[in-house]
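Written out below as C-alpha coordinates is the structure these notes cover.
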Amino acid sequence: MIGKEKTKGKEEDMSKRTSDGAKAAKVIKTEDVTDKQTTLLSEETGHFSLIRALHLADLITELNGLCGVMSIFSSMRYMAGSPGELGNLWAALALMPLGLFFDFFDGKVARWRRKSSLMGQELDSLADLISFGVSPAAAAFAIGFRTPLDHLILAFFVLCGLTRLARFNVTVANVPKDATGKSQYFEGTPIPTTLSIAGLMAYWVGQGWVHGELPFGTVLEGTVAEFHPVLGLFVVSGCLMTSKSIHLPKP
1 MIGKEKTKGK
11 EEDMSKRTSD
21 GAKAAKVIKT
31 EDVTDKQTTL
41 LSEETGHFSL
51 IRALHLADLI
61 TELNGLCGVM
71 SIFSSMRYMA
81 GSPGELGNLW
91 AALALMPLGL
101 FFDFFDGKVA
111 RWRRKSSLMG
121 QELDSLADLI
131 SFGVSPAAAA
141 FAIGFRTPLD
151 HLILAFFVLC
161 GLTRLARFNV
171 TVANVPKDAT
181 GKSQYFEGTP
191 IPTTLSIAGL
201 MAYWVGQGWV
211 HGELPFGTVL
221 EGTVAEFHPV
231 LGLFVVSGCL
241 MTSKSIHLPK
251 P
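Each residue of the sequence shown is one higher than the one before, starting from 1 at the first, in the UniProt record's numbering.
Shown next as C-alpha coordinates:
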(Lines of atoms letter the chains of each structure in order from A and count residues from 1; the text may use other names and numbers.)
(Lines give C-alpha, C1' and ligand atoms only; values in the text may rest on other atoms or scores of the structure.)
Protein backbone atom coordinates (compact mmCIF):
# COMPACT_ATOMS: atom_id res chain seq x y z
CA MET A 1 0.00 0.00 0.00
CA ILE A 2 2.82 2.37 0.95
CA GLY A 3 4.66 1.45 -2.25
CA LYS A 4 1.62 2.31 -4.37
CA GLU A 5 1.29 5.70 -2.65
CA LYS A 6 4.97 6.44 -3.32
CA THR A 7 4.57 5.44 -6.98
CA LYS A 8 1.47 7.63 -7.30
CA GLY A 9 3.31 10.53 -5.68
CA LYS A 10 6.23 10.14 -8.10
CA GLU A 11 3.86 10.07 -11.08
CA GLU A 12 2.10 13.24 -9.90
CA ASP A 13 5.45 14.95 -9.34
CA MET A 14 6.66 13.91 -12.80
CA SER A 15 3.40 15.15 -14.38
CA LYS A 16 3.73 18.49 -12.60
CA ARG A 17 7.35 18.87 -13.74
CA THR A 18 6.37 18.06 -17.33
CA SER A 19 3.55 20.60 -17.21
CA ASP A 20 5.82 23.23 -15.66
CA GLY A 21 8.46 22.51 -18.26
CA ALA A 22 5.98 22.95 -21.10
CA LYS A 23 4.79 26.25 -19.64
CA ALA A 24 8.36 27.44 -19.22
CA ALA A 25 9.19 26.51 -22.82
CA LYS A 26 6.14 28.41 -24.02
CA VAL A 27 7.17 31.50 -22.03
CA ILE A 28 10.74 31.28 -23.34
CA LYS A 29 9.47 30.99 -26.92
CA THR A 30 7.23 34.03 -26.49
CA GLU A 31 10.08 35.98 -24.90
CA ASP A 32 12.41 35.02 -27.78
CA VAL A 33 9.92 36.41 -30.31
CA THR A 34 9.45 39.59 -28.27
CA ASP A 35 13.21 40.02 -27.75
CA LYS A 36 13.85 39.63 -31.48
CA GLN A 37 11.29 42.29 -32.32
CA THR A 38 12.60 44.59 -29.58
CA THR A 39 16.10 44.26 -31.02
CA LEU A 40 14.87 45.13 -34.51
CA LEU A 41 13.03 48.18 -33.18
CA SER A 42 15.79 49.52 -30.93
CA GLU A 43 19.06 48.57 -32.62
CA GLU A 44 18.38 48.40 -36.36
CA THR A 45 18.95 51.75 -38.08
CA GLY A 46 17.87 50.95 -41.65
CA HIS A 47 15.11 52.93 -43.31
CA PHE A 48 12.80 49.91 -43.42
CA SER A 49 13.78 48.23 -40.13
CA LEU A 50 10.41 49.12 -38.61
CA ILE A 51 8.58 47.34 -41.43
CA ARG A 52 10.80 44.28 -41.02
CA ALA A 53 9.91 44.17 -37.34
CA LEU A 54 6.19 43.84 -38.06
CA HIS A 55 4.55 40.42 -38.00
CA LEU A 56 1.81 39.38 -40.42
CA ALA A 57 -0.81 39.92 -37.70
CA ASP A 58 0.52 43.47 -37.18
CA LEU A 59 0.00 44.26 -40.86
CA ILE A 60 -3.59 43.04 -40.63
CA THR A 61 -4.06 45.28 -37.58
CA GLU A 62 -2.85 48.19 -39.71
CA LEU A 63 -5.72 47.44 -42.12
CA ASN A 64 -8.12 47.87 -39.21
CA GLY A 65 -6.60 51.29 -38.55
CA LEU A 66 -6.82 52.12 -42.26
CA CYS A 67 -10.56 51.39 -42.23
CA GLY A 68 -10.99 53.76 -39.30
CA VAL A 69 -9.05 56.56 -40.94
CA MET A 70 -10.90 56.17 -44.24
CA SER A 71 -14.21 56.18 -42.33
CA ILE A 72 -13.29 59.53 -40.76
CA PHE A 73 -12.27 60.93 -44.16
CA SER A 74 -15.56 59.74 -45.65
CA SER A 75 -17.48 61.57 -42.91
CA MET A 76 -15.48 64.70 -43.71
CA ARG A 77 -16.17 64.34 -47.43
CA TYR A 78 -19.88 64.03 -46.69
CA MET A 79 -19.82 67.25 -44.65
CA ALA A 80 -17.98 69.03 -47.47
CA GLY A 81 -20.67 68.08 -50.00
CA SER A 82 -24.43 68.31 -50.30
CA PRO A 83 -26.39 66.93 -47.28
CA GLY A 84 -28.59 64.97 -49.69
CA GLU A 85 -25.68 63.04 -51.20
CA LEU A 86 -25.28 60.16 -48.77
CA GLY A 87 -22.69 58.03 -50.57
CA ASN A 88 -19.75 59.16 -48.45
CA LEU A 89 -21.78 58.82 -45.27
CA TRP A 90 -22.71 55.24 -46.15
CA ALA A 91 -19.04 54.55 -46.86
CA ALA A 92 -18.09 55.95 -43.45
CA LEU A 93 -20.55 53.65 -41.71
CA ALA A 94 -19.63 50.58 -43.80
CA LEU A 95 -15.90 50.89 -43.13
CA MET A 96 -16.40 50.40 -39.38
CA PRO A 97 -17.58 46.75 -39.55
CA LEU A 98 -14.88 46.11 -42.15
CA GLY A 99 -12.39 47.26 -39.52
CA LEU A 100 -13.96 44.76 -37.11
CA PHE A 101 -13.26 41.96 -39.60
CA PHE A 102 -9.55 42.82 -39.59
CA ASP A 103 -9.60 43.24 -35.79
CA PHE A 104 -10.97 39.70 -35.45
CA PHE A 105 -8.68 38.25 -38.12
CA ASP A 106 -5.39 39.61 -36.75
CA GLY A 107 -5.88 37.72 -33.48
CA LYS A 108 -6.60 34.51 -35.38
CA VAL A 109 -3.42 34.92 -37.42
CA ALA A 110 -1.32 35.71 -34.34
CA ARG A 111 -2.51 32.54 -32.57
CA TRP A 112 -2.16 30.45 -35.73
CA ARG A 113 1.46 31.56 -36.23
CA ARG A 114 2.12 31.62 -32.47
CA LYS A 115 3.60 35.08 -32.78
CA SER A 116 2.51 37.93 -30.58
CA SER A 117 4.31 41.04 -29.40
CA LEU A 118 3.98 44.10 -27.22
CA MET A 119 4.04 46.24 -30.35
CA GLY A 120 1.18 44.23 -31.83
CA GLN A 121 -0.82 44.79 -28.64
CA GLU A 122 -0.25 48.54 -28.84
CA LEU A 123 -1.09 48.64 -32.54
CA ASP A 124 -4.31 46.74 -31.90
CA SER A 125 -5.45 49.21 -29.24
CA LEU A 126 -4.58 52.27 -31.32
CA ALA A 127 -6.34 50.88 -34.39
CA ASP A 128 -9.41 50.02 -32.30
CA LEU A 129 -9.53 53.56 -30.92
CA ILE A 130 -9.60 54.97 -34.45
CA SER A 131 -12.07 52.48 -35.93
CA PHE A 132 -14.48 52.07 -33.02
CA GLY A 133 -13.98 55.28 -31.05
CA VAL A 134 -13.12 58.24 -33.24
CA SER A 135 -14.87 57.14 -36.44
CA PRO A 136 -18.33 56.59 -34.83
CA ALA A 137 -18.01 59.99 -33.15
CA ALA A 138 -17.04 61.57 -36.48
CA ALA A 139 -20.04 59.95 -38.19
CA ALA A 140 -22.33 61.20 -35.41
CA PHE A 141 -20.99 64.73 -35.91
CA ALA A 142 -21.51 64.40 -39.66
CA ILE A 143 -25.20 63.45 -39.40
CA GLY A 144 -26.01 66.45 -37.24
CA PHE A 145 -24.89 66.15 -33.62
CA ARG A 146 -23.12 69.51 -33.67
CA THR A 147 -24.09 71.59 -30.64
CA PRO A 148 -21.31 72.47 -28.14
CA LEU A 149 -22.73 70.03 -25.59
CA ASP A 150 -22.99 67.36 -28.31
CA HIS A 151 -19.26 67.83 -28.87
CA LEU A 152 -18.51 67.28 -25.18
CA ILE A 153 -20.63 64.12 -25.10
CA LEU A 154 -18.90 62.70 -28.17
CA ALA A 155 -15.50 63.62 -26.70
CA PHE A 156 -16.46 61.83 -23.46
CA PHE A 157 -17.33 58.75 -25.52
CA VAL A 158 -13.97 58.74 -27.31
CA LEU A 159 -12.04 59.30 -24.08
CA CYS A 160 -13.87 56.39 -22.43
CA GLY A 161 -12.71 54.20 -25.31
CA LEU A 162 -9.17 55.52 -24.91
CA THR A 163 -9.19 54.81 -21.17
CA ARG A 164 -10.64 51.34 -21.64
CA LEU A 165 -7.95 50.37 -24.13
CA ALA A 166 -5.17 51.78 -21.93
CA ARG A 167 -6.49 49.75 -18.98
CA PHE A 168 -6.57 46.64 -21.16
CA ASN A 169 -2.91 47.06 -22.14
CA VAL A 170 -1.90 47.41 -18.48
CA THR A 171 -4.00 44.56 -17.05
CA VAL A 172 -4.14 42.01 -19.88
CA ALA A 173 -1.20 40.04 -18.46
CA ASN A 174 -3.16 39.43 -15.25
CA VAL A 175 -6.39 38.25 -16.90
CA PRO A 176 -6.81 34.43 -16.82
CA LYS A 177 -5.95 32.77 -20.14
CA ASP A 178 -7.17 29.62 -21.87
CA ALA A 179 -4.94 26.92 -23.37
CA THR A 180 -4.29 29.02 -26.50
CA GLY A 181 -3.20 32.06 -24.51
CA LYS A 182 -6.42 33.98 -25.17
CA SER A 183 -7.95 36.00 -22.32
CA GLN A 184 -11.03 34.32 -20.86
CA TYR A 185 -13.14 37.46 -20.43
CA PHE A 186 -13.48 41.16 -21.23
CA GLU A 187 -13.30 43.66 -18.37
CA GLY A 188 -15.92 46.21 -19.36
CA THR A 189 -17.59 45.99 -22.74
CA PRO A 190 -15.02 45.78 -25.57
CA ILE A 191 -14.78 48.88 -27.73
CA PRO A 192 -16.07 47.14 -30.91
CA THR A 193 -19.50 47.03 -29.23
CA THR A 194 -19.80 50.67 -30.31
CA LEU A 195 -20.67 49.28 -33.73
CA SER A 196 -24.18 48.78 -32.36
CA ILE A 197 -24.48 52.57 -32.29
CA ALA A 198 -23.02 52.75 -35.80
CA GLY A 199 -25.69 50.29 -36.93
CA LEU A 200 -28.36 52.45 -35.33
CA MET A 201 -27.00 55.51 -37.12
CA ALA A 202 -27.13 53.58 -40.39
CA TYR A 203 -30.82 52.92 -39.72
CA TRP A 204 -31.41 56.63 -39.11
CA VAL A 205 -29.67 57.50 -42.35
CA GLY A 206 -31.80 54.96 -44.22
CA GLN A 207 -34.94 56.55 -42.75
CA GLY A 208 -33.75 60.06 -43.57
CA TRP A 209 -33.47 60.95 -39.87
CA VAL A 210 -30.43 63.20 -40.13
CA HIS A 211 -29.65 66.83 -39.35
CA GLY A 212 -32.94 68.51 -38.37
CA GLU A 213 -34.80 65.17 -38.38
CA LEU A 214 -32.67 63.38 -35.78
CA PRO A 215 -34.67 61.18 -33.35
CA PHE A 216 -36.04 62.97 -30.25
CA GLY A 217 -34.85 66.35 -31.55
CA THR A 218 -33.04 68.70 -29.17
CA VAL A 219 -33.66 70.01 -25.68
CA LEU A 220 -32.89 73.49 -24.36
CA GLU A 221 -32.95 74.68 -27.96
CA GLY A 222 -31.45 78.10 -28.56
CA THR A 223 -29.36 78.02 -25.37
CA VAL A 224 -25.71 77.25 -24.77
CA ALA A 225 -26.80 73.95 -23.17
CA GLU A 226 -28.71 72.74 -26.25
CA PHE A 227 -28.08 69.07 -27.02
CA HIS A 228 -29.61 65.95 -28.56
CA PRO A 229 -30.85 63.61 -25.80
CA VAL A 230 -30.39 60.53 -28.00
CA LEU A 231 -26.65 61.01 -27.47
CA GLY A 232 -27.26 59.40 -24.10
CA LEU A 233 -26.53 56.18 -25.99
CA PHE A 234 -22.93 57.32 -26.38
CA VAL A 235 -22.73 58.13 -22.67
CA VAL A 236 -24.05 54.69 -21.70
CA SER A 237 -21.65 52.99 -24.12
CA GLY A 238 -18.70 54.92 -22.68
CA CYS A 239 -19.63 54.04 -19.10
CA LEU A 240 -20.02 50.35 -19.95
CA MET A 241 -16.59 50.27 -21.61
CA THR A 242 -14.87 51.67 -18.52
CA SER A 243 -16.78 49.55 -15.99
CA LYS A 244 -14.58 47.34 -13.83
CA SER A 245 -17.42 45.21 -12.49
CA ILE A 246 -18.57 43.90 -15.90
CA HIS A 247 -16.83 40.68 -16.95
CA LEU A 248 -18.02 39.33 -20.30
CA PRO A 249 -16.82 35.84 -21.32
CA LYS A 250 -14.91 35.81 -24.59
CA PRO A 251 -16.52 33.72 -27.36
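Cβ atoms here follow ideal geometry from the backbone N, Cα and C, with glycine treated the same way.
On a predicted model such as this, the values are computed, not experimentally measured, just so you know.
Beta-ladder partner(s) of residue i, from DSSP
i           : result
residue 187 : 247
residue 227 : 219
residue 177 : 183
Residue i in three-state terms, based on DSSP
i           : result
residue 235 : helix
residue 69  : helix
residue 141 : helix
residue 111 : helix
residue 54  : coil
residue 86  : coil
residue 196 : helix
Beta-carbon spacing of residue i, residue j below 9 Å
i           : j           : result
residue 64  : residue 128 : yes
residue 144 : residue 124 : no
residue 69  : residue 130 : yes
residue 133 : residue 161 : yes
residue 139 : residue 80  : no
residue 142 : residue 76  : yes
residue 156 : residue 216 : no
residue 242 : residue 208 : no
residue 135 : residue 71  : yes
residue 191 : residue 167 : no
residue 169 : residue 122 : yes
residue 55  : residue 137 : no
residue 218 : residue 228 : yes
Residue i - containing alpha helix (DSSP H), residue span
i           : result
residue 130 : It is not in any alpha helix (DSSP H) - residue 130 carries neither H nor E in the DSSP assignment.
residue 163 : 148-171
residue 82  : Taken as a continuous stretch (DSSP letters only), residue 82 belongs to no alpha helix (DSSP H), as it is neither H nor E.
residue 210 : Careful: residue 210 lies outside any alpha helix (DSSP H) and carries neither H nor E.
Residue i Cβ short of 8 Å to the ligand COA heavy atom set
i          : result
residue 87 : This structure lacks the ligand COA, and indeed carries no ligand of any kind.
Between the stretch 198-210 and the stretch 218-225, are three or more C-beta pairs nearer than 8 Å? Touching, no.
Should the stretch 189-198 be called in touch with the stretch 89-99, which here means at least 3 C-beta pairs below 8 Å? Result yes; three or more Cβ-Cβ pairs closer than 8 Å.
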